[in-house]
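For the sequence shown, the working numbering gives the first residue as 4, with consecutive numbering after it.
C-beta atoms are modelled at their ideal positions from N, C-alpha and C, and glycine is treated no differently.
Since we're looking at a predicted model, the values are computed, not measured.
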Amino acid sequence: GTSTKVDLKGADFGKVDDAYFAKSAAAKKGEKDEMFSKDSPKSEMSAEKKAGQKTMDDAIVKGLGADHKAYLKARFSLSSKMYPHELKF
């Protein structure tokens with residue numbers, strides 16, 4: 004399990020609801036073959052959504068210590084005799 008606590012008091016999550024994570028109707032429609040074609044259009048996040056994500060992330064990052072930032076940037080890998088269910092963060 005995780006024992007790390009992060010202070011989220013500075014972040015404003017008022018605009019985040021189920022609709023924030025919903026896909027657009029145009030992205031849902033399409034045939035199965037379109038999903039695997041190389042010419043299919045890529046779905047991009049809107050500029051408004053990117054800006055909102057950045058402001059939320061900035062507020063969360065301010066609550067992290069230097070060791071947590073380094074941990075989140077590190078590449079995760081398991082070596083021999085390391086079992087994921089026994090790890091504690």
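Based on Cα-Cα distance, which residue from E47, S46, M59, D70 lies nearest to G17?
M59
My output table needs one value for G55: the three-state DSSP class, helix, strand or coil.
helix
From A73 to A14, what distance separates their C-alpha atoms?
21 Å
According to the Cβ coordinates, are D21 and G66 closer than 8 Å?
no
Helix, strand or coil for V64? Go by DSSP, reduced to three states.
helix
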